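> Would you mind keeping the following structure in view while I ask a few things?
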Amino acid sequence: MSKASRLTHVALMTGTLALAGFILSPLFSPILWAVVLVYALYPLYGLVLRATGGREALSAFLLCTIMTVGLLLPLFYLTLLVAQDLAGMVSSLATYLQQGELTVGEGWRRYPVIAGFVVQFQNLERLTGSDLQSSLVTGVADLGKLLIQQSTNVVSNLVQWAIEFGIVLLSAFYFFRDGKRIVDWTQENFPLTPERRRLVLTRFDEVVKGAVYGNTIVALLEGVIGWLAFWSVGLPSPILWGAVMAITAYIPFVGAALVWIPAAVYLAIQGAYVQAGTLVAVGIVLSVVIDELVRNMIVGKVSKVHSLIMFFSVIGGMQFFGLLGIVAGPLVVAVAITLLETYRSDTAELGPIVTDRPEETS
Numbered sequence: 382m383s384k385a386s387r388l389t390h391v392a393l394m395t396g397t398l399a400l401a402g403f404i405l406s407p408l409f410s411p412i413l414w415a416v417v418l419v420y421a422l423y424p425l426y427g428l429v430l431r432a433t434g435g436r437e438a439l440s441a442f443l444l445c446t447i448m449t450v451g452l453l454l455p456l457f458y459l460t461l462l463v464a465q466d467l468a469g470m471v472s473s474l475a476t477y478l479q480q481g482e483l484t485v486g487e488g489w490r491r492y493p494v495i496a497g498f499v500v501q502f503q504n505l506e507r508l509t510g511s512d513l514q515s516s517l518v519t520g521v522a523d524l525g526k527l528l529i530q531q532s533t534n535v536v537s538n539l540v541q542w543a544i545e546f547g548i549v550l551l552s553a554f555y556f557f558r559d560g561k562r563i564v565d566w567t568q569e570n571f572p573l574t575p576e577r578r579r580l581v582l583t584r585f586d587e588v589v590k591g592a593v594y595g596n597t598i599v600a601l602l603e604g605v606i607g608w609l610a611f612w613s614v615g616l617p618s619p620i621l622w623g624a625v626m627a628i629t630a631y632i633p634f635v636g637a638a639l640v641w642i643p644a645a646v647y648l649a650i651q652g653a654y655v656q657a658g659t660l661v662a663v664g665i666v667l668s669v670v671i672d673e674l675v676r677n678m679i680v681g682k683v684s685k686v687h688s689l690i691m692f693f694s695v696i697g698g699m700q701f702f703g704l705l706g707i708v709a710g711p712l713v714v715a716v717a718i719t720l721l722e723t724y725r726s727d728t729a730e731l732g733p734i735v736t737d738r739p740e741e742t743s
């Protein structure tokens, strides 16, 4: 192949790949979700495949059914709980503000996390001497209008979510059924040497295992312990707050502290010092033992990504990809670091590009 033909081929390949990426870009999020879910459940798929006598299509269908039941039912239940409590919070806040009674009393006992912020708001208002409450009345009114406006989009949002979830299931079915063939094809066509391909795929495996398995284990532990802690100190909706703590546990360093610190402040303001101390003790266990030791032991050692880099990649990934960024952010950063390391290794093997030449003598 001549140089001109090679350049033409590269240009056409680059253009068509860019166009294909542009066409598939609206489906990037559900497809990547399918990749993550299939990768996490692939060991279970192997068990089902053996149980069905090697029937790949049937095994893939059963796994997709398990995914549907296992994801939709808990999400539907948690969505109902969150919607009910949010509606109650907004209604109570609007009532207290309109009556000019934004105080931490019995009415706020159902919402200890919000009550903690109310205490800080009152302190700020006393220090500044400004009428922040009237501004909040307007803000809550605007929030109510916004919620009403957004409620009209519920049907369209549900349709969009259903379509995206259908894409996730369809993609997952083929990824389960044809996963090995897809991986083999990717390895054969990846523009790296076999050794480099194995290195990149190994890093992919390590990061996904660390981000998916490790963070999920940490989130489940913190969610269950948080639920038991909220229940033991008599705070309402312990299941809801346990679920919120499980979600915030995916954020390194801060994690579930976003929930239990305001709740402990509220209990202390109410004079429930024993309950507040209990919640603080549980929070310290969550922050030190589970969030640091267990997360570093599982996520850090498995993914081999520094905690600070993991934190930045998770935060940046969530801003760019949404919830998917919990996995996608560390994955992109880890693969980029791996490619940089392979490039550095290759350039070291090549030696210096410019060599010293002996000076010419006249």
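First residue of the sequence shown: 382, per the numbering used here; consecutive thereafter. C-beta: ideal position from N, C-alpha, C; glycine also. Predicted, not measured: the structure shown is a model, and the values here were computed from it.
Exposed or buried, Q700, counting other C-beta atoms within 10 Å across all chains shown (16 or more means buried)?
In the sequence shown, counting from the first residue as 1, residue 700 sits at position 319. Exposed, because fewer than 16 other Cβ atoms sit within 10 Å of the Cβ of Q700.
> So, helix, strand or coil for I632, using DSSP?
Your numbering for residue 632 matches position 251 in the sequence shown. In this structure, I632 counts as coil in the three-state DSSP scheme.
> Is it buried or exposed, G703, if we count other Cβ atoms within 10 angstroms and call 16 or more buried?
Locating residue 703 in the sequence shown gives position 322, counting from the first residue. The residue in question, G703, is exposed, as its Cβ has fewer than 16 Cβ neighbours within 10 Å.
> Less than 8 Å between the CB atoms is what I'm expecting for V661 and A638, so what's the real figure, rounded?
Counting from 1 along the sequence shown, the entry for residue 661 is found at position 280. Counting from 1 along the sequence shown, the entry for residue 638 is found at position 257. Contact doesn't hold; Cβ gap of about 11 Å is too wide.
> Are the region 558 to 577 and the region 597 to 614 in contact at 8 Å, needing three or more beta carbon pairs?
Touching, no.
> With hydrogens ignored, establish whether the beta-carbon of L609 is closer than 8 Å to any heavy atom of the ligand FMN.
In terms of ligand content, the structure shown is empty, and the ligand FMN therefore cannot be addressed.
> What does the Cβ neighbour count give for A399, buried or exposed, with the cut at 16 atoms within 10 Å?
For the purposes of this step, residue 399 is identified with residue 18 of the sequence shown, where counting begins at 1. Exposed, by the Cβ-count rule.
> Could you give the residue range of the alpha helix (DSSP H) that holds L583?
Position 202 of the sequence shown, counted from the first residue, corresponds to residue 583. The sequence as given places Thr at residue 583; Leu does not occur at that position. Unbroken alpha helix (DSSP H) run through T583: 575 to 589.
> Going straight from the alpha carbon of P407 to that of Y647, what length do you get?
Reading the sequence shown from its first residue, position 26 is the one you call residue 407. Reading the sequence shown from its first residue, position 266 is the one you call residue 647. Roughly 44 Å between the two C-alpha positions.
> Which of the three DSSP states is assigned to W608 in this structure?
Your numbering for residue 608 matches position 227 in the sequence shown. It is helical.
> Can you tell me whether DSSP reads T395 as helix, strand or coil?
The sequence position of residue 395 within the sequence shown is 14, counting from 1. If DSSP states are grouped into helix, strand and coil, T395 belongs with the helices.
> Let me confirm a value: F403 is counted as buried when at least 16 other C-beta atoms fall within 10 Å, else exposed. Which label applies?
Along the sequence shown, read from residue 1 onward, the residue named residue 403 stands at position 22. Exposed: under 16 other Cβ atoms inside 10 Å.
> Whose C-beta lies closer than 7 Å to the C-beta of F634 among residues of the same chain, with five residues either side of it excluded?
Position 253 of the sequence shown, counted from the first residue, corresponds to residue 634. Only F692 meet the Cβ criterion.
> Would you identify the three-state DSSP class for G698, choosing helix, strand or coil?
Mapped onto the sequence shown, residue 698 falls at position 317. DSSP places G698 in helix when its eight states are reduced to three.
> Which of the three DSSP states is assigned to G706 in this structure?
Taking the sequence shown and counting its residues from 1, one reaches residue 706 at position 325. The answer is helix: DSSP assigns G706 an H, G or I state.
> For L602 and T583, what's the separation of their Cα atoms in angstroms?
Translated into positions along the sequence shown, residue 602 becomes position 221. Translated into positions along the sequence shown, residue 583 becomes position 202. Their backbone Cα atoms lie some 27 Å apart in a straight line.
> In chain order, what residues of the same chain lie with their CB nearer than 8 Å to the CB of V593, ignoring the 5 residues before and after it?
In the sequence shown, the residue the question calls residue 593 occupies position 212. Within the same chain, V593 has close Cβ partners V417, Y420, A421, V708.
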